[in-house]
Structures are given as structure tokens and as C-alpha cells.
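Let me begin by presenting the structure, written as C-alpha cells, before commenting on it.
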Ligand code: ADP
């Protein structure tokens, strides 16, 4: 017997229609390049989004065409997030920190037709413009001037009457957006999101056991809008009716703290490197900012050391929520809230649970595969993490032959090495290629580096595998000393020896001024491995 419910399509259009009526007075604020705020309401945003959809149609953009964006986090980018899919196009966010070769490859591979770009990013576009073929380039110009041959976004919108716009109930499996992986592990690969995936992902983000967004929230996504759709926050926040605060190009710790304080931000999200910077600034200037409204700092994209989570909470009364995900998982996969059955634990044990990557959000399933098959949920057995769910990729764009990341029974192989415990908490131990394989045993570089970052005179640390004649690979710690502090190799090894077995201890500690970072602020271990490849063998 079949159910007798409507075949109602889960589309972005429904989120827009709802926001237009129910949250019409809610605000979207954007920090402008001159640091003043641009402000308007959801009603203004919807009106301009409709004008944008009409303008793109007039320019000849057809259903399924890719429209690329090359922009910071701001209200016009928010309009593009909705206006492009609303007219049937596919939003393709370009990572503005990528190199010219990658950008040329991505624009060509996605066959982008139109590019929308911030005027202050035009010098970057100059570097690859002769290597890509586009029908139109639309400039978000603050001066009203645009270079010859390009179009002015504001003029295009002004020429359209929003009354003419009609909502279309698209097929929920139609593409709304695409994003290329940031290439920590080789050539960027195209991930294509559907209406259905984004709607379900947004609903999950509103749940009280996950990110718990609501209309009283003031949400500031630090994570760039070119990085996995700012983790879906522009969609989730609108579905929940939250106020949005976009930081524009001002992603530095001081500017962010100013916005948290003046806009009374309640919820913010970004990668660990952002929070390291903010924690240092808060430690150096206690009480300088009023952060009483700030309820949740979501950290993801790379492992958050427990010492950082504790530092925010114990020294500044700020709650950090650890989450894990990937471009291929839209990205929300797990969130580390403390389950009620753990409320009796000591503070120390609670922190160690919260430092794990957390439990899968509803609709996401996880399993771990060791060398001999699936491993038990015991918190100890390590293996490659596999995931499935309605917002997990089933293939890469135009790389259908690349099937080695997908299992025959429909799971995605993450490339992450993890454990799952009896309560369902997942802990990332490493990326498979960063794991240190010493004499046939595995050493987690993440465990070691996170522990070193808990040492008071250390600012940043990365542990890498380097070739070794006897053990195949051994760990090497690469450390940045905190400003005004000193640290020695012996001190750090001695500190690690308190918590790790002898064979886990790094063979050496080298000190550097800076750890190289990827385009989205993660440690770039590939560069360190190249740099220190001969360190132990000479
Ligand atoms: P890239 O693969 O280019 O870094 P993604 O942004 O898709 O691009 O990164 C996903 C990867 O980031 C995951 O596979 C995982 O290795 C890492 N990651 C994400 N969140 C966490 C986390 N909370 N802890 C540890 N690693 C994480």
C-alpha cells in the first residue's frame, strides 16, 4: 500500500516564498569595504533577487547554465545564491584564493557562461581572463564605473520590474549550485548540489540537536561563501528567519570581534585558524569586546584542538561547537553537542567528548572500514570513514569514471581515518594520506598536533610523516612559537611523553615562523612534507 501524501518538491523556491511573507522585516547587514554597514530587510532582498533572476534571463541564461561568482561574503552574493537557482541557473561559487591554473581549469570544466565579480577582485580576474571564455562579466561596482565590455550589476537590476517574476516549482533533483573541492588532495573536483539536498540540509541545521538556528539568532558566517556555500548557512539562516551579518572582505580577528559586539551576533562559524586568531586577541585584551550575546562558535573544516575549545569557554565564557563535513557532504555531517546521557561526566570528560567531531546529524549515516572490513563502534578501531545520506554526493561532475571514492553499496569514501564509539561519536584521527605509518602501526598526526597546540608557548603545530629507513615513516613536529614565548625540542617531547606512548613521540621538532595554509585556511601539510622530506635521512 502506498502513502497518500502530496508529491511536494523540496526546492529553494519554497524557502524564498516563506521568507518573503513570514520574515519580511528581518534584517541582512553587510560590512562594506569602508567598514560601514549596508542594511536592508528580507523584503528588499527578495525584491532585488527577483530583479536579478529576470536580468539573467534577459541576458540569455538558460535553465541549467552555470553562473559563476567571484565574491566576498555580502548581501549581493546572498542575492546571487537565490536569484540564480530561482531562474533555473546553477550557482557556481569560485574560490578567490585559488591559483590561476586551478581557476582556468574550474571555469572551463564547469563551462561557466557568466561571471559575477566584486570590483575589488577585478585585478585577480585580470590574471586569468584571457584563459577563459565567458558570455558576460557582471561587476558589483561601488563607484558605478565598470571596465569596458563588462556589465554593471546595479544597472541590470534597475532595469527589471520584480512584479514580472514568477516562482517556478522546479524538480527537486535539479542542480542549484556547484562547488569544486578546495584541492587539498589534488585537482579540484566538481560537487553538484540539488534543491532537495539543500532544503533537507537546511532543515537539519535548524534542529535543536544540531545548530539550532532560530529567528532570534544573529548569524555571522566567517566561512567564505565560496567554501561549500558558506556551509549552507545562507540557506539555513533564511529558512529559520535569522538576521544575517556578512563580514564583506573584513575577515580579520579585530573586525570580526567589532561586528560580534556591535551587531549582537549570537551564532558564527569558521575554520580553526580563524578561532586561533580570535582567541589570541581576546586573551591579550580581556573585556575589550561585549560578547554576551554570542552563544555559539561553530568550528569545522579541520580538527579543533581541545585546548582551544577549553580556552574559549574557561577564559571567555564562549561556547565552541565542533562539527565535521566536506564539500561532498554539503557539508554538515556531524555536530559535537553533548548528549543528555553524558551530563553526569566531569568537566574534563565533557570537554574530551566535545573535542570529538560528534554524532552524525539525522539522515547522515557513518561507518568505518578497516583493512579487514567494517570495524566495531568501540572508539578504538581506526579505518576509513564512509558516509551516506540525502545531501552526500553520488558522483563528481563530469568525472563519472572516477568511481574509486564510491562503494558498490552506495556509500562515499571520505579519505578520513576515524573511530566511532559505542555512543555514535566520531573522531577524526587523520586524513589517510597524512597518517604516519610507523613500522606497520598507525600514528595520528591530528592527535599529536592538537596536543602540542595545548602547550602554552605554542601558537600552531603540524605533525607530518617523513620517510625513515627502518620504520618506513616517523612523525616530525613543525611548530610556531607563540609571540613573546620560547620553546625547545626537549620541552615539547617531554610534554608529549606525559600522554603518548614512546613510539608515538616525534623524532624531531622543528621551529618555523608560519605553517603554510590552503586557500580556505587549513594547514597545507603537502608543502611541509616536501620541505622536510629528507629531515631524518639527511
Ligand atoms: P578539502 O578536501 O580541499 O580540504 P573540504 O573543505 O571538503 O576540502 O574538506 C573536507 C575535509 O576537511 C574532511 O575530509 C576532513 O579531512 C577535514 N575536516 C573537516 N572538518 C573537520 C573536523 N572538524 N575535524 C577534522 N577534520 C575535518
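Residue numbers (the numbering used here): 1048 to 1585. Cβ coordinates follow ideal geometry from the N, Cα and C atoms, glycine included.
>> Using C-beta distances below 8 Å, list every residue in its chain close to residue 1446, excluding the 5 sequence neighbours before and after it, in chain order.
In response: Position 399 of the chain shown holds residue 1446. Within the same chain, residue 1446 has close Cβ partners 1236 and 1237.
> Quick one: is the Cβ of residue 1576 within less than 6 Å of any heavy atom of the ligand ADP?
Replying inline: Indexing the chain shown from 1 puts residue 1576 at position 529. Result no, Cβ not under 6 Å from the ligand ADP.
> So residue 1143 packs on residue 1171, CB below 8 Å; how close in whole Å?
Replying inline: The residue given as residue 1143 occupies position 96 in the chain shown. The residue given as residue 1171 occupies position 124 in the chain shown. So it is a contact: roughly 6 Å between Cβ atoms.
> Per the contact definition of three or more C-beta pairs closer than 8 Å, is the segment 1469 to 1477 in contact with the segment 1394 to 1413?
Replying inline: yes
> What does DSSP give as the partner residues of residue 1467 in its beta bridges?
Replying inline: Taking the first residue of the chain shown as position 1, residue 1467 is located at position 420. Residue 1467 is bridged to 1473.
>> Which of the three DSSP states is assigned to residue 1055 in this structure?
In response: The count along the chain shown starts at 1 and reaches residue 1055 at position 8. Here residue 1055 sits in coil by DSSP.
>> Considering Cα atoms alone, identify which of 1181, 1168, 1206 and 1450 is closest to residue 1157.
In response: By one-based count along the chain shown, residue 1157 stands at place 110. Considering only alpha carbons, the answer is 1181.
> What are the start and end residues of each continuous alpha helix (DSSP H) run of 4 or more residues lying completely inside the segment 1188 to 1233, in chain order?
Replying inline: 1200 to 1205
> Can the beta-carbon of residue 1209 be found closer than 7 Å to that of residue 1094?
Replying inline: For the purposes of this step, residue 1209 is taken as residue 162 along the chain shown, with counting starting at 1. For the purposes of this step, residue 1094 is taken as residue 47 along the chain shown, with counting starting at 1. Yes, the Cβ-Cβ distance between residue 1209 and residue 1094 is below 7 Å.
> Whose CA, out of 1413, 1411 and 1429, lies closest to the CA of residue 1419?
Replying inline: Taking the chain shown and counting its residues from 1, the one referred to as residue 1419 is at position 372. Looking at the Cα atoms, 1429 is the closest of the given residues.
> What number of angstroms, rounded off, separates the C-alpha of residue 1087 from the C-alpha of residue 1321?
Replying inline: Counting from one through the chain shown, the residue named residue 1087 turns up at place 40. Counting from one through the chain shown, the residue named residue 1321 turns up at place 274. C-alpha separation (whole angstroms): 27 Å.
>> Quick check for students: name the residue ranges of the alpha helix (DSSP H) that lie wholly in the segment 1268 to 1302, counting only runs of 4 or more.
In response: 1275 to 1278 and 1280 to 1287, all fully within the segment 1268 to 1302.
> Run through DSSP, which three-state label would residue 1579 get?
Replying inline: For the purposes of this step, residue 1579 is taken as residue 532 along the chain shown, with counting starting at 1. It is coil, neither helix nor strand.
>> Please report the distance separating the alpha-carbon of residue 1312 from that of residue 1253.
In response: In the chain shown, counting from the first residue as 1, residue 1312 sits at position 265. In the chain shown, counting from the first residue as 1, residue 1253 sits at position 206. Answer to the nearest angstrom: the Cα atoms are 17 Å apart.
> Taking buried to mean at least 16 other C-beta atoms within 10 Å of its own C-beta, is residue 1500 buried or exposed?
Replying inline: For the purposes of this step, residue 1500 is taken as residue 453 along the chain shown, with counting starting at 1. Classification for residue 1500: buried.
> Just to confirm, does residue 1317 get its C-beta within under 6 Å of one of the non-hydrogen atoms of the ligand ADP?
Replying inline: If you number the chain shown from 1, residue 1317 lands on position 270. No, Cβ of residue 1317 sits at least 6 Å from all heavy atoms of the ligand ADP.
> Helix, strand or coil: which one does DSSP assign to residue 1016?
Replying inline: The structure shown does not extend to residue 1016, since the chain is modelled only from 1048 through 1585, so no value can be given for it.
> Can you name the residues that DSSP bridges to residue 1488?
Replying inline: As a working note, residue 1488 is residue 441 in the chain shown. Answer is 1485.
> Since residue 1058 contacts residue 1278 with CB under 8 Å, what's their CB separation in whole angstroms?
Replying inline: The count along the chain shown starts at 1 and reaches residue 1058 at position 11. The count along the chain shown starts at 1 and reaches residue 1278 at position 231. Actually they are not in contact, since the Cβ atoms of residue 1058 and residue 1278 sit about 20 Å apart, beyond 8 Å.
> Since residue 1409 contacts residue 1251 with CB under 8 Å, what's their CB separation in whole angstroms?
Replying inline: Indexing the chain shown from 1 puts residue 1409 at position 362. Indexing the chain shown from 1 puts residue 1251 at position 204. Indeed, because the Cβ distance is near 6 Å, the residues count as touching under 8 Å.
> What is the rounded straight-line gap between the Cα of residue 1538 and the Cα of residue 1577?
Replying inline: Within the chain shown, the letter at position 491 stands for residue 1538. Within the chain shown, the letter at position 530 stands for residue 1577. Their backbone Cα atoms lie some 26 Å apart in a straight line.
> Given residue 1502, which residues of its chain have a CB within under 6 Å of its CB, disregarding the five upstream and five downstream residues?
Replying inline: Reading the chain shown from its first residue, position 455 is the one you call residue 1502. Only 1542 meet the Cβ criterion.
> Using the C-alpha atoms, what's the distance from residue 1050 back to residue 1107?
Replying inline: Translated into positions along the chain shown, residue 1107 becomes position 60. Translated into positions along the chain shown, residue 1050 becomes position 3. One C-alpha to the other measures close to 41 Å.
> Could you give the distance in angstroms between the alpha-carbon of residue 1303 and the alpha-carbon of residue 1386?
Replying inline: Here the question's residue 1303 lines up with position 256 in the chain shown. Here the question's residue 1386 lines up with position 339 in the chain shown. Cα to Cα, residue 1303 sits roughly 30 Å from residue 1386.
>> Taking 7 Å as the limit between beta carbons, can you name the residues of its chain near residue 1124, skipping five residues before and five after?
In response: Translated into positions along the chain shown, residue 1124 becomes position 77. Same-chain partners within the cutoff: 1116, 1118 and 1272.
> Closer than 6 Å: is that where the CB of residue 1508 sits relative to any heavy atom of the ligand ADP?
Replying inline: Here residue 1508 corresponds to residue number 461 of the chain shown, with the count starting at 1. No.
> Among the residues of its own chain, which have a CB less than 7 Å from the CB of residue 1427, if the five just before and after it don't count?
Replying inline: As a working note, residue 1427 is residue 380 in the chain shown. For residue 1427, where only same-chain residues beyond five positions count, the Cβ hits under 7 Å are 1466.
> Are the C-beta of residue 1079 and some C-beta of chain B separated by less than 7 Å?
Replying inline: Looking at the structure shown, chain B is missing, and only one protein chain is on hand.
>> Please report the distance separating the alpha-carbon of residue 1246 from that of residue 1486.
In response: Indexing the chain shown from 1 puts residue 1246 at position 199. Indexing the chain shown from 1 puts residue 1486 at position 439. Roughly 47 Å separates the two Cα atoms.
> Between the segment 1523 to 1532 and the segment 1541 to 1558, do at least 3 Cβ pairs fall closer than 8 Å?
Replying inline: yes
> Under the criterion of a Cβ to heavy atom distance below 6 Å, does residue 1371 qualify as lining the ligand ADP?
Replying inline: In the chain shown, counting from the first residue as 1, residue 1371 sits at position 324. Yes, Cβ of residue 1371 sits closer than 6 Å to a heavy atom of the ligand ADP.
> Hey, which unbroken runs of the alpha helix (DSSP H) at 4 residues or more fall wholly within the segment 1138 to 1175?
Replying inline: 1147 to 1157 and 1169 to 1175
> Quick one: Cα of residue 1280 to Cα of residue 1249, how far?
Replying inline: Looking up residue 1280 in the chain shown gives position 233. Looking up residue 1249 in the chain shown gives position 202. Using only the alpha carbons, I get a separation of about 8 Å.
> In chain order, what residues of the same chain lie with their CB nearer than 7 Å to the CB of residue 1101, ignoring the 5 residues before and after it?
Replying inline: Here residue 1101 refers to the residue found at position 54 of the chain shown. The residues are 1207, 1211 and 1212.
> Should residue 1149 be listed as close to the ligand ADP, given that the test is whether its C-beta is under 6 Å from any heavy atom?
Replying inline: For the purposes of this step, residue 1149 is taken as residue 102 along the chain shown, with counting starting at 1. Outside the cutoff, so no.
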